[in-house]
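What follows is a short report on a single structure.
Protein chains: 2
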Amino acid sequence: MAKRRVSNPLALAVLGLLTERPMHPYEMSNTLRERAKEESIKLNYGSLYSVVESLQRHQLIEVQETIREGRRPERTIYAITDAGRTEFVDWLSDLLAIPVKEYTQFEAALSLMPGLPPDEVLRLLQTRRTRLDTEIVATRAVLDDLARQKLPYLFVIEIDYLQEIRRAELAFVDRLVAGIRDGSLEDVDLWRRAHETGELPTEQDWKEAEVKLRSVD
Amino acid sequence: MAKRRVSNPLALAVLGLLTERPMHPYEMSNTLRERAKEESIKLNYGSLYSVVESLQRHQLIEVQETIREGRRPERTIYAITDAGRTEFVDWLSDLLAIPVKEYTQFEAALSLMPGLPPDEVLRLLQTRRTRLDTEIVATRAVLDDLARQKLPYLFVIEIDYLQEIRRAELAFVDRLVAGIRDGSLEDVDLWRRAHETGELPTEQDWKEAEVKLRSVD
DNA sequence: TAGCAAATACTCTGTGTCGGATATACGGAG
DNA sequence: CTCCGTATATCCGACACAGAGTATTTGCTA
Numbered sequence: 220m221a222k223r224r225v226s227n228p229l230a231l232a233v234l235g236l237l238t239e240r241p242m243h244p245y246e247m248s249n250t251l252r253e254r255a256k257e258e259s260i261k262l263n264y265g266s267l268y269s270v271v272e273s274l275q276r277h278q279l280i281e282v283q284e285t286i287r288e289g290r291r292p293e294r295t296i297y298a299i300t301d302a303g304r305t306e307f308v309d310w311l312s313d314l315l316a317i318p319v320k321e322y323t324q325f326e327a328a329l330s331l332m333p334g335l336p337p338d339e340v341l342r343l344l345q346t347r348r349t350r351l352d353t354e355i356v357a358t359r360a361v362l363d364d365l366a367r368q369k370l371p372y373l374f375v376i377e378i379d380y381l382q383e384i385r386r387a388e389l390a391f392v393d394r395l396v397a398g399i400r401d402g403s404l405e406d407v408d409l410w411r412r413a414h415e416t417g418e419l420p421t422e423q424d425w426k427e428a429e430v431k432l433r434s435v436d
Numbered sequence: 220m221a222k223r224r225v226s227n228p229l230a231l232a233v234l235g236l237l238t239e240r241p242m243h244p245y246e247m248s249n250t251l252r253e254r255a256k257e258e259s260i261k262l263n264y265g266s267l268y269s270v271v272e273s274l275q276r277h278q279l280i281e282v283q284e285t286i287r288e289g290r291r292p293e294r295t296i297y298a299i300t301d302a303g304r305t306e307f308v309d310w311l312s313d314l315l316a317i318p319v320k321e322y323t324q325f326e327a328a329l330s331l332m333p334g335l336p337p338d339e340v341l342r343l344l345q346t347r348r349t350r351l352d353t354e355i356v357a358t359r360a361v362l363d364d365l366a367r368q369k370l371p372y373l374f375v376i377e378i379d380y381l382q383e384i385r386r387a388e389l390a391f392v393d394r395l396v397a398g399i400r401d402g403s404l405e406d407v408d409l410w411r412r413a414h415e416t417g418e419l420p421t422e423q424d425w426k427e428a429e430v431k432l433r434s435v436d
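Protein chains in written order, with the numbering used here: chain A, 220 to 436; chain B, 220 to 436.
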């Protein structure tokens, strides 16, 4: 799993598109948009053009021709190279077979959560709960609709995946909310008191925690 | 939810630490490491020092003093400002209350998956399945161990969250694997044939898909 | 007690990425 | 004829990231 010289997933999408046929960047951008891949692969002009350039530098793609119609901006049409095809298969295989750690903002927030008082956190998480629920309902409607229209599931599999993940997050938030509200999360009292007395999580607590954490590393 | 001038979650962690007491960057880095926050917040020197500098530029933190012991490198000790405290609470509240779309590599991979033949994908996903399972088992051991040692759950809540998410991913992969293997995923035949005849997902298919996708936007 | 690893505390560099602003041309609707 | 939307980029500054480099001191081993 050595480092890839081009590592932006957008580059993988570009390789995928050029596997179908040569294109110029603007067309790639539209095609991705039309296929709703923008939902799962972050796309903006800044990145697209620099990713294309970088792919070219590494000879995974090459210029096929540059044409100009009338006095419009030139279009540079790129084609994939053999090395590019190999890289595509290789990279995609990697991504499918090997789970990699990704850092989400919510994870970060959870880990800093004790920095806010529990009742506040309760309120915030309830808001999140509602919003997640709304998203899930909306997505289900979309998926059902597409199924009814016989759009192959394969074309929207990533949406379904996301849906599952959101559901799991919702379940987690629900449990946490309940735990804070009814006190079944044991540490809530300590947590609340810490904030009332203005004492933060306490150095001492951390010292003790450290020892325990280290012991399982 | 206007844009934040400093948006790296590491900056949020820095604000969190300075809420406890003034520190120099190197100490922040160690403290985060000791508290196992590195698991949930990406940390490396390059980012840390530039994040600190950026926080300072925006007056969310300020230099408290600069000291040198012997001929060691100087330590610059930073303290949080009032603006910084506000930003911390505000930002953290946001992250807890509002789900934001994050792009994962696996999602991207799923959406490009039809670029590989189904039998290959099957093999790859089985590998993923195994690895996910291994991770889950290992994490459970760690969590159990910590619980037995009475480490407050609050200190490892983000690990528990991750665990839930992984479980959901595992369930999804399992279903997908089964679907491909026993053909209960209807599109598999089409998919397989497309690769055997060398014909890629087909322009025509995409045209039709587009219409459907657009209709639900 | 010499030797060497580990810890201390950064600093630097090159490269990647983001989002938006800007440029210019054309084709069609009112 | 004017304005707008679509076509096709380019550019910019700010941020982010990985990892190597540096120079000193401490602590442990043999």
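We put the CB at the ideal spot given by N, CA and C, even for glycine.
Top-ranked residue by Cα proximity to residue i, from the options
i: B/Ala302; options: B/Ile280, B/Glu272, B/Glu239, B/Glu326; result: B/Ile280
i: B/Leu395; options: B/Glu246, B/Arg342, B/Val225, B/Ser266; result: B/Arg342
i: B/Pro333; options: A/Asn227, A/Thr305, A/Leu311, A/Thr353; result: A/Leu311
i: B/Met242; options: B/Asp406, B/Leu389, B/Gln283, B/Ala328; result: B/Gln283
i: B/Arg224; options: B/Phe307, B/Glu253, B/Leu262; result: B/Phe307
i: B/Glu195; options: B/Leu234, B/Asp338, B/Arg385; result: Here chain B covers residues 220 to 436 and nothing more, so residue 195 of chain B does not appear.
i: A/Lys320; options: B/Val319, B/Glu388, B/Ser266, B/Gln345; result: B/Glu388
i: B/Ser259; options: B/Ala357, B/Leu229, B/Leu344; result: B/Leu229
i: A/Asn227; options: B/Ala328, B/Arg252, B/Leu236; result: B/Ala328
i: B/Arg385; options: B/Asp406, B/Ala298, B/Thr349, B/Glu405; result: B/Thr349
i: B/Lys256; options: B/Val375, B/Arg412, B/Asp406, B/Gln382; result: B/Val375
Residue i - partner residues in DSSP beta bridges
i: B/Val340; result: According to DSSP, B/Val340 bridges with nothing at all.
i: A/Thr285; result: A/Thr295
i: B/Ile280; result: B/Ile299
i: A/Met242; result: A/Tyr297
Through-space distance from residue j to residue i, alpha-carbon basis
i: A/Ile296; j: A/Ile286; result: 8 Å
i: B/Asp363; j: B/Glu239; result: 29 Å
i: A/Asp436; j: A/Ile378; result: Unreliable placement is indicated for A/Asp436, whose pLDDT of 47 sits below 50; no coordinate value is reported for it.
i: A/Met220; j: A/Leu314; result: Low confidence applies here, because A/Met220 scores a pLDDT of 47, under 50, leaving its location unreliable and the question unanswered by this model.
i: B/Asp401; j: A/Gly402; result: 46 Å
i: B/Gln324; j: A/Ile317; result: 10 Å
i: B/Leu351; j: B/Gln275; result: 41 Å
i: B/Glu293; j: B/Ser248; result: 16 Å
i: A/Pro336; j: B/Leu231; result: 17 Å
i: B/Tyr380; j: A/Leu236; result: 35 Å
i: B/Gln368; j: A/Asp406; result: 14 Å
Neighbouring residues, chain B, relative to residue i (Cβ below 9 Å)
i: A/Arg232; result: The question names Arg, but residue 232 of chain A in the sequence shown is Ala. Neighbours of A/Ala232 on chain B, chain order: Ala327, Ser330, Leu331.
Where residue i meets chain B, residues with beta-carbon distance less than 7 Å
i: A/Lys261; result: Tyr322
i: A/Lys222; result: Within 7 Å Cβ-Cβ: nothing; A/Lys222 doesn't reach chain B, min ~14 Å.
i: A/Asp406; result: Pro371, Tyr372, Leu373
Cutoff 8 Å: residue i Cβ touching any chain A Cβ
i: B/Gly417; result: no
i: B/Gly235; result: yes
i: B/Thr295; result: no
i: B/Arg400; result: no
i: B/Glu284; result: no
Any chain B beta carbon closer than 8 Å to residue i
i: A/Val270; result: no
i: A/Ala366; result: no
i: A/Glu281; result: no
i: A/Ala390; result: yes
i: A/Val319; result: yes
Under 8 Å from the C-beta of residue i: neighbouring residues of chain A
i: B/Val340; result: Leu315
i: B/Ser312; result: Leu335, Glu339, Leu343
Listed by chain order, chain A residues near residue i by CB distance under 7 Å
i: B/Val356; result: Near B/Val356 there are no residues of chain A at all, since even the closest Cβ is about 14 Å away, more than 7 Å.
Proximal residues of chain A, C-beta to C-beta of residue i below 9 Å
i: B/Val308; result: Gly334, Leu335, Glu339
Interface residues of chain B facing residue i [CB-CB closer than 8 Å]
i: A/Ile376; result: Leu329, Ser330, Met332, Leu395
i: A/Glu383; result: Ala387, Glu388, Ala390, Phe391
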